[in-house]
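Numbering (the working numbering), first residue to last: 73 to 591. These notes are about the structure you will find just below.
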Amino acid sequence: MKKYLHTMFTILLLLLLLAESHVNGQNIDQQYPVDWEMVAKIREEGFHRSELPNTLSYMTDVLGARLTNSQDMRRAQAWAMEEMKRIGLENRKIEPFMDYGVSWDNTYFSLHLLEPDYQVMVGYPIAHTPGITGRKKLDVVIADIKTKADQEKFKNKLKGKAVLATPPPIIDLTRYSEGVQRWSDEELREKAEKPIPPGPRKPRPPANPDLITNVERNTFFKEEGAVVILESRSGWPGAVRGFARPGAKIDKWAREETLAHLPIVAVNPEHYNRMYRILERDIPVKIKIEIETTVGKKVQKASNVLGEIPGSVKKNEVVMLGAHFDTWHASPNASDNTSGVAVMLEAVRILKAVGAKPRKTIRIALWSGEEQGIHGSREYVYKHFGNPDDPEIGLKPGYKKFSAYFNQDYGPGQYRGIHLQENEHVRQIFTSWMEPFKDLGMTTISSQSVGSTDHVSFDRVGLPAFQFLQDRVGGTGGHTNMDYYDTLPIDDLKKNAVIMASFVYHAAKLDEKLPRKRN
């Protein structure tokens, strides 16, 4: 009898728990419902009247690269303001956020192998290095210097030379021959069920006093009378990778340091390796090189571009979406992050086109300074929302009025889900909002916390901010000379814009703000 009563009690308890779970589920559905009529309008506009391909083509083909604080960036920001006006956004502005040194633009470059054979070579100048006066014919030498002892070997041997300053890169031939596969169903399940915890930071090994820094190495080259530094840091076939000169961030992109430095040119790995192998045979190598760069004369502020769809009854509360507008300068950087910017502009265009009337204000932000350390979004957050962990900054009035921020910056792959950024309070909310897009492959909730882009600026101060879980895609990747419109999966990006528009709309439709990780 006791065993029977115990069994019945267990069954009753389970039924009560199931009932409670069902009621809670209903409450969640009622509290965070999907506006299916609006979703239908968003999908119809985004799939049948998309302007994303045209926007993306204009940005990559006409505007091109947009290094932070360059004249190219300022031209692109002026275009973005006009585009936001055309879409119908209000409160448009270019908002400065910090002194960012002087402007730097590459205006002309050519590199040719002259001896022992002629060949046009592919490369580009590293940002914040100077040009060369006129066209130079130079002998090339290997000068892979790592230690102070290495310097002694090259004393009085570099004057008037072009130096190969890095070891020959090993080229990964599988990158394009095998391609990159999209996330499999099994991999997505694993992301949902087994989130990847952040690994412990490996302790830095003790500094070797004999090693020299890149700044010290380049100073040595300058003192020894070298004319130009050639390097190759790419293991990707055909791809040139390079960023800014060593020390540029420390001296805040200053004019004097830029002009005093030697030009640095990043070279295609195949062309670099060819020169290296020839020199190892003790056969002379001669090149012809011309570099023109424009360095600004005064310190200028870097800026973000913003625009809004004003809210109605809760217009002082804000839902944000954004992507970084700045790029490196070797190509239009279609995947990183022109694709993200195009998705954001298309998302707000869709919402305006379908006549969305959000309760909260929807604000789009096109950030600058992300590639140098997410400066634009960080300074924006501090100015408008504050930082509870920094008493000098404190909390701003906007902190309590902020609802959510949604970002794209992990390439052009389609959204397969969303990272919760360890904010479990929004799991059921996002599960509900993903329901209309399961047919697009939007199925996965990952509690993983991801970083390295602008949503981190919000997340660090306790504001809900999210990066979508994007498919891996093939192509050339960002930060190279090969990142163009032609490599992008346009249909995937159309899907992203539709999903982004829906998420932002539903967040702006709520009476309350999205739950936060900290109270």
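The beta-carbon is built from N, C-alpha and C at its ideal position, and this holds for glycine as well.
Given a threshold of 16 other Cβ atoms within 10 Å of its Cβ, counted over all protein chains shown, does residue i qualify as buried or as exposed?
| i | result |
| --- | --- |
| Y592 | Any question about residue 592 goes unanswered here, given that the chain covers just 73 to 591. |
| F502 | buried |
| E265 | exposed |
| H497 | exposed |
| I242 | exposed |
| A402 | buried |
| D564 | buried |
| R261 | exposed |
| W108 | exposed |
| L283 | exposed |
| Q191 | exposed |
| T52 | The question about residue 52 has no answer here: the residues shown for the chain are numbered 73 through 591. |
| A112 | exposed |
| A580 | buried |
| P463 | exposed |
| N141 | buried |
| E155 | buried |
Per DSSP, residue i forms a beta bridge with which residues?
| i | result |
| --- | --- |
| S435 | Here residue 435 is Arg; the residue named in the question, Ser, does not match the sequence. R435 pairs with E380, M392. |
| Y180 | E364 |
| Y477 | M392, A537 |
| N290 | According to DSSP, N290 bridges with nothing at all. |
| S46 | This structure leaves residue 46 out entirely; the chain is present only between 73 and 591. |
| Q149 | According to DSSP, which records beta bridges pairwise, Q149 is partnered with nothing at all. |
| I422 | Its beta-bridge partners do not exist; DSSP assigns none. |
| I490 | I517, F540 |
| A316 | A199 |
| E187 | K358 |
| G466 | N459 |
| K472 | The partner list for K472 (beta bridge, DSSP) is empty, contrary to what the question assumes. |
| V212 | A234 |
Would a C-beta distance cut-off of 8 angstroms place residue i and residue j closer than the cut-off?
| i | j | result |
| --- | --- | --- |
| L417 | P484 | no |
| N388 | K468 | no |
| S475 | V391 | yes |
| L334 | N405 | no |
| K233 | D211 | yes |
| G550 | M514 | no |
| G470 | W439 | no |
| V296 | F181 | The amino acid at residue 296 is misidentified as Val; the sequence shows Glu. Against a cut-off of 8 angstroms, the Cβ pair of F181 and E296 comes out as no contact. |
| R327 | K369 | yes |
| V533 | F457 | yes |
| I114 | V426 | yes |
| N568 | Q444 | no |
| G307 | P341 | yes |
| L186 | K209 | yes |
| L236 | L302 | yes |
| W596 | L124 | This structure cannot speak to residue 596, because the chain is shown only from 73 to 591. |
| V339 | G160 | no |
| D604 | Y482 | Coverage of the chain is limited to positions 73 through 591, which leaves residue 604 absent and any answer about it impossible. |
| T331 | P197 | A quick correction: the sequence has Leu, not Thr, at residue 331. Not in contact: L331 and P197 (Cβ atoms no closer than 8 angstroms). |
| Q149 | V377 | yes |
| L135 | R147 | yes |
| A374 | H200 | no |
| Y344 | P240 | yes |
| V570 | V371 | no |
| V252 | V300 | no |
| T525 | E584 | no |
What does a CB cutoff of less than 6 angstroms around residue i pick up in its chain, not counting 5 residues either side in sequence?
| i | result |
| --- | --- |
| T179 | E364, T366 |
| A428 | Y577 |
| H94 | For H94, the pLDDT reaches just 43, beneath the cut-off of 50, and the residue's location in the model is therefore unreliable, although a value from the coordinates is still provided. Taken in chain order, the list of residues that qualify is empty. |
| K589 | N495 |
| Y454 | I465 |
| N96 | Caution is warranted here: a pLDDT of 40 is assigned to N96, below 50, making its placement in the model unreliable, and the coordinate value is therefore given only provisionally. For N96, where only same-chain residues beyond five positions count, there are no Cβ hits under 6 angstroms. |
| R305 | R313 |
Excluding sequence positions up to five away, which residues of its chain have a Cβ less than 8 angstroms from the Cβ of residue i?
| i | result |
| --- | --- |
| V106 | S504, W505, E507, P508, H578 |
| P188 | I350, I355, P356, V357 |
| L582 | Y104, R431, K432, S475 |
Report all residues from its chain with a CB closer than 7 angstroms to the CB of residue i; omit the five preceding and five following residues, and keep chain order.
| i | result |
| --- | --- |
| F575 | F478, W505 |
| A573 | I114, G118, A419, I422, L423 |
| M554 | G310, A311, S403, T548 |
| S519 | P267, L492, E494, E496 |
| F530 | V453, Y477, A537 |
Going by the C-beta, is residue i closer than 7 angstroms to any heavy atom of the ligand FMN?
| i | result |
| --- | --- |
| N126 | In terms of ligand content, the structure shown is empty, and the ligand FMN therefore cannot be addressed. |
For residue i, would you say it is in contact with chain B, using Cβ-to-Cβ distances shorter than 8 angstroms as the test?
| i | result |
| --- | --- |
| D558 | The chain inventory of the structure shown lacks chain B, comprising one protein chain alone. |
Next item on the list: Inspect the CB distances between the segment 538 to 546 and the segment 486 to 496 and report whether three or more fall short of 8 angstroms.
Entry: yes
Next item on the list: Take every Cβ of the segment 408 to 418, pair it with every Cβ of the segment 348 to 358, and state whether three or more of those distances are shorter than 8 angstroms.
Entry: no
Notebook entry, point to check: Taking three-plus beta-carbon pairs below 8 angstroms as touching, is the segment 373 to 382 in contact with the segment 419 to 438?
Noted result: By the Cβ rule, the segment 373 to 382 counts as touching the segment 419 to 438, because three or more pairs are nearer than 8 angstroms.
Next item on the list: Examine the Cβ distances between the segment 167 to 185 and the segment 439 to 448 and report whether three or more of them are shorter than 8 angstroms.
Entry: yes
Check: Quick check: the segment 393 to 405 against the segment 109 to 123, are there 3 or more CB pairs under 8 angstroms?
Finding: no
Check: When the Cβ atoms of the segment 256 to 263 are set against those of the segment 316 to 323, are three or more pairs found closer than 8 angstroms?
Finding: no
Check: For the 8 angstroms Cβ check, are there 3 or more pairs between the segment 340 to 356 and the segment 126 to 133?
Finding: With a cut-off of 8 angstroms, the segment 126 to 133 and the segment 340 to 356 do not count as touching, because too few Cβ pairs lie within range.
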